[in-house]
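Numbering (my numbering), first residue to last: 528 to 1034. Each remark here refers to the structure printed beneath this line.
Shown next, in the form of structure tokens:
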């Protein structure tokens, strides 16, 4: 019942927030409950056996018998890290919201906890219908977070976000229906269990786009590519980030985008192995294009938040290229980079939100010379910047290095193109730092008496700064814990029979 608890507890939190009569305690109660949810996640992690490759803590209850739809939950060495990332970031964004959210506070926290439940559910469900429900449920609270607490163009950004992601969801819904029919034809019974779908051998003809496996591969891949988002389906992301409140940007970049990249690992690669291998070159090209395109776009932005938003497009390109390199190094790097991106980019959005609360502008041209007034803020921003540009001894270096090494093993020339993203990344981030923190005093310094980070803001940033260095100096602590799941996927994705690896207490 531990997995049900970690999904249901945020729903209980949302209900408590909706019914809490005294407005004065909303922030504190939300923080307390988010910390409890984090502790539940820690219990899950401590009880998890990292020496096993199969599903653990399995819960399966038949829901709709005629179509084989079940309430099917499980967690393995890949998904558990994304669950931990979700419950780790939640108390941080709650604490960061104390000074920035002053209207409709109840609704805000209700949406935040509903979103947490939906995201966790998408990481630990192994039934296609249940996964689709969690996937769609995540859109609703984020829609309201941006639409009610966002910036001046929040309605435009919200509608664009919803239309793009719904378009991808429709493709996944159609593909789910086809898979259900294939299960009946191949296995002799209707089922929406992902573990049963792994057994289906779908016809594939290399070079023929309209072969069944290729069509299904692209239906799911496009749905997940929009969510990630992958170039050229990324255009909703910068608008959503810029208009979202700080917490919305952190959760969007830190966790919600990972729903897409995780789904490539969990659904696309093992369900359609021949199509994945045949079309892997295309997605590596798309990933590398996204790396360079996102970096070039970040270079020409004057809005600090847009710089970080386009850096997300670039970093997602690394993850996609790593996944479709289909070797242990690159896929391990891709999973590690998912965690890194959640930490580093989440921290950057928090820092931008903190300075925006003081100056009410994100226009880089108006900044300059603020380092003297906010030294603690400057130091923390520099540390997170080093993480974002993959400086050695920071978490970003490990993930990008493994991905580049994995790409080089298969396609050395393509790795050289991907390395260009590292150079461009250093360019746009360091140029942003120079224009904001150093040089002549800008309008912001002249018009505002800036004060440095408060104790609460330092408390918000400390866990993230700690992980930047811990994950950069001791990467093996994380890599050895999920390497079995990655190795099993790499070695068996042509015959990914995860059901036979279920641990005791499972089905």
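No residue lacks a Cβ here, since even glycine has one placed at the ideal position from N, Cα and C. As the structure is a computational prediction, the values presented were derived from the model and not from experiment.
- Within the region 745 to 790, the alpha helix (DSSP H) runs of at least 4 residues that lie entirely inside it are, in chain order, 763 to 770, 773 to 778 and 784 to 790.
- With contacts defined as CB atoms closer than 7 Å, residue 837 and residue 821 qualify as a contacting pair.
- Residue environment for residue 603: buried (at least 16 other C-beta atoms within 10 angstroms of its C-beta).
- Rounded to the nearest whole angstrom, the CA to CA distance from residue 972 to residue 895 is 7 Å.
- Out of 958, 929, 803 and 787, the CA that lies nearest to the CA of residue 945 is found in 929.
- Residue pairing of residue 920 in beta bridges, as defined by DSSP: absent, with no partner found.
- Taking a C-beta distance under 7 Å as the contact criterion, residue 847 and residue 757 qualify as a contact pair.
- Beyond the five residues adjoining it in sequence on each side, residue 615 comes within less than 7 Å, by CB distance, of 565 in the same chain, given in chain order.
- When Cβ pairs closer than 8 Å are counted between the two stretches, the region 955 to 963 is seen to touch the region 821 to 835, the count reaching three or more.
- Counted as a single uninterrupted DSSP element, the beta strand (DSSP E) harbouring residue 599 occupies residues 596 to 602.
- The C-beta of residue 711 has fewer than 16 other C-beta atoms within 10 Å across all chains shown, which makes the residue exposed.
- Check the Cα spacing between residue 897 and each of 931, 817, 911 and 976: the tightest is with 976.
- The C-beta separation of residue 636 from residue 544 comes to about 4 Å, placing the pair in contact by the 8 Å criterion.
- C-alpha of residue 540 to C-alpha of residue 668: approximately 14 Å in a straight line.
- In this structure, DSSP gives residue 624 a state outside helix and strand, which the three-state scheme calls coil.
- Contact between residue 849 and residue 933 holds: CB atoms are separated by about 6 Å, below the 8 Å threshold.
- Distance check between residue 703 and each of 876, 868, 740 and 623 places 740 closest, using alpha-carbon atoms only.
- Taking the C-beta atoms as reference points, residue 529 is found nearer than 7 Å to residue 584.
- With respect to the 7 Å criterion, residue 791 and residue 744 are not classified as neighbours on the basis of their beta carbons.
- Cβ contact annotation for residue 810 (same chain, cutoff 7 Å, sequence separation greater than five): 847 and 851, in chain order.
- Taking C-beta separations shorter than 6 Å and ignoring five residues to either side along the sequence, the partners of residue 761 in its chain run 840, following chain order.
- When the beta-carbon positions are compared, residue 644 and residue 538 come within less than 7 Å of each other.
- In its chain, beyond the 5 residues on either side, 695, 698 and 760 have a beta carbon closer than 8 Å to the beta carbon of residue 749.
- Residues 586 and 600 of the same chain have their beta carbon placed closer than 8 Å to that of residue 531, with the five preceding and five following residues left out of the count.
- Under the DSSP assignment, residue 590 falls outside any alpha helix (DSSP H), being part of the beta strand (DSSP E) whose first and last residues are 583 to 591.
- In this structure, the CA atom of residue 595 is about 31 Å from the CA atom of residue 806.
- Shown here, residue 720 sits in a strand according to DSSP, grouped into three states.
- Bounds of the alpha helix (DSSP H) holding residue 970 are 970 to 974.
- The C-beta of residue 982 has fewer than 16 other C-beta atoms within 10 Å across all chains shown, which makes the residue exposed.
- Excluding its 5 nearest sequence neighbours in each direction, residue 949 has C-beta neighbours in its own chain below 7 Å: 917 and 927, listed in chain order.
- Taking residue 655 as reference, the option from 617, 720, 691 and 639 with the minimal CA-CA separation is 720.
- In terms of Cβ geometry, residue 730 and residue 1020 do not form a close pair [threshold 7 Å].
- In the DSSP assignment, the residues bridged to residue 830 are 890.
- Under the 10 Å beta carbon count, residue 785 is surrounded by 16 or more other beta carbons and is classified as buried.
- Shown here for residue 931: same chain residues with a beta carbon closer than 7 Å to its own, the five before and five after excluded, namely 942, 945 and 946 in chain order.
- When DSSP states are grouped into helix, strand and coil, residue 741 belongs to the helix group.
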